[in-house]
Amino acid sequence: METSKFIWMDGAMVPWEDATVHVLTHALHYGTGVFEGIRAYETPDGTAIFRLPEHMARLHRSAKAYGIPLAHPVEVLIEAARQIIKINELEAGYIRPLAFHELGAIGLNPAAATVKTIIAAWRWGTYLGDEGVAKGIRVRVSSWRRIHQSSFVPIAKGTGQYLNSVMAKQEAVATGYDEALLLNMDGNISEGSGENLFLVRDGVLLTPPIASGILDGITRASVVQLLSDEGVTVREATLTRGDLYAADELFLTGTAAEVTPIREVDDRPVGKGEPGPVTRRAQDLFAQAVTGKLPAYRSWLTYV
Ligand code: PPE
């Protein structure tokens, strides 16, 4: 990964190499942290951060879900994200807020452990490769099932729950695929290891509902709005593995992944084996919205 110069730590701008923690940090042992992923883009009016308040609000919801008391209100985190882009002189980049239990407790009860909040930012190109964005990626259905709502809070971004995503990703890459799709405990489709899934069938755009155990992605919500505003019918639907094989188009959405077409699933070509028209439209509209070229969606941008 690329590095940058400073990391925001509870209000202080700390040089990148000094932004360290103790080995007895509670979150290192038990995964007691929550995080976000946000992108900033170059626009004709300067650098802008995409849906920043929504991301910081989700960080707060994640923290609440896992009982982590956050010291900083959303407004402070928004301003800190703007400052971290500025001080690192980034025209565009990825922003990673993270809040976690640090020191003062060992054992499962984190109540006595301090909570540290950091925001880092650095340049990060395509998540699944430039070729993936252009031609589509190859995915497989994972042998691992998505974390279930009876054990975790899937709509929260808790650090500990990401071991599930990591194992799915490792398996996919080790077996020659770019990305994994995870079924939930009911055997229905949930999402990718770090992305939401969309399926096109007969011109209708379908995506699994929250009840399928997904993260309620902010890119997902943006793509739903952009395409329904264009007149495309968009519906939440419980999807099966068979639906993947019957799809005309499949694509993934996420802050890191943006809109990435899928050209093959479980060694079967998706549609004609190349990104289809709805996928292309989603990629195009999303790219224009994040770079400030669509006035109707300008309110999604926080200018730095
Ligand atoms: N599902 C999961 C499990 C997930 O982690 C993400 C984001 C999404 C869906 C899409 O959500 P949104 O970014 O709000 O559209 N994954 C973040 C972390 C990726 C990583 O490798 O780290 C991201 O895209 O920033």
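The opening residue of the sequence shown carries number 32 in this note's numbering; numbering runs sequentially from there. Beta carbons are placed, not taken as given, at the ideal position from N, Cα and C, and that holds for glycine.
Cβ shell of residue i (< 7 angstroms), same chain only, five flanking positions each side left out
i    : result
G77  : Y334 and V335
V263 : L236 and V309
M44  : F37 and I118
S196 : S224 and G225
I99  : T63, V65, A130, H132 and V146
A88  : V105
R251 : N227, T238 and T284
A211 : V170, R171, S173, A199, K200, E202, A203, G223 and S224
A50  : I38, M40 and I149
L325 : Q319
R75  : One detail in the question is off: residue 75 reads as Pro in this sequence, not Arg. Correct list, in chain order: G323.
I245 : P185, S221, E222, N227 and P239
N140 : none
H103 : T148
Sequence-distant residues of its chain with Cβ nearer than 8 angstroms to residue i (five each side left out)
i    : result
N119 : S35, K36, F37, A152 and W153
A136 : H57, A142, A143 and A144
Y276 : V296, D297 and R299
E133 : V52, H53, T56, H57, A58, A144, T145, V146 and K147
G124 : S35, R70, A71, I116, A152, W153, R154 and W155
D233 : D279
D260 : A327
E33  : W153, R154 and W155
H60  : I137
Q114 : W39 and M44
Under 9 angstroms between C-beta atoms of residue i and residue j
i    : j    : result
A266 : L214 : In the sequence as displayed, the identity of residue 266 is Arg instead of Ala. No, the pair does not count as a contact, with Cβ atoms beyond the cut-off.
V65  : A130 : yes
S243 : V184 : no
A205 : V170 : no
E122 : E73  : yes
G138 : D209 : no
F282 : Q256 : no
Q258 : R312 : What sits at residue 258 in the sequence shown is Leu, not Gln. A contact, by the Cβ cut-off of 9 angstroms.
V290 : A79  : no
Spatial neighbours of residue i in its chain, beta-carbon cut-off 6 angstroms, leaving aside the 5 residues before and after
i    : result
S253 : none
I126 : I69, A112 and A152
R82  : I249 and W331
E192 : Before going further, note that residue 192 is Gln rather than Glu in the sequence given. Answer for Q192: I178 and F183, listed in chain order.
T157 : V164
E85  : I249
P306 : G167 and P292
A187 : S93 and A96
S316 : It should be noted that the sequence gives Leu, not Ser, for residue 316. So the qualifying residues of the chain are L257.
K303 : none
D247 : I186 and I241
Reduced DSSP secondary structure (H/G/I, E/B, other) of residue i
i    : result
S35  : coil
S182 : coil
S224 : coil
E162 : helix
T145 : coil
V301 : coil
G273 : helix
V45  : strand
A152 : strand
V197 : helix
V204 : helix
M40  : strand
L139 : coil
V335 : coil
F171 : Residue identity differs from the one stated: residue 171 is Arg in this sequence, not Phe. Of the three classes helix, strand and coil, the one that applies to R171 here is strand, per DSSP.
G191 : coil
A211 : strand
Beta carbon proximity, residue i to chain D, threshold 9 angstroms
i   : result
H86 : Of the protein chains in the structure, only one exists, and it is not chain D.
Distance cut-off 8 angstroms: residue i Cβ against heavy atoms of ligand 3
i    : result
Y125 : As far as ligands go, the structure on display features ligand 1 and does not contain ligand 3.
- prompt: Any contact of the stretch 209 to 229 with the stretch 166 to 178, i.e. 3+ C-beta pairs under 8 angstroms?
  reply: yes
- request: Please list the segments of the beta strand (DSSP E) lying wholly inside the stretch 219 to 267, counting only runs of 3 or more residues, in order along the chain.
  value: 220 to 223, 227 to 232, 235 to 238 and 265 to 267
field: Every unbroken alpha helix (DSSP H) inside the stretch 47 to 74 [4 residues or more]
entry: 57 to 61
task: Run through the stretch 283 to 332 for me and flag every whole alpha helix (DSSP H) of 4 or more residues, listed as ranges in chain order.
output: 308 to 321
- prompt: Quick one: complete beta strand (DSSP E) runs, 3+ long, within the stretch 74 to 134?
  reply: 77 to 81 and 124 to 132
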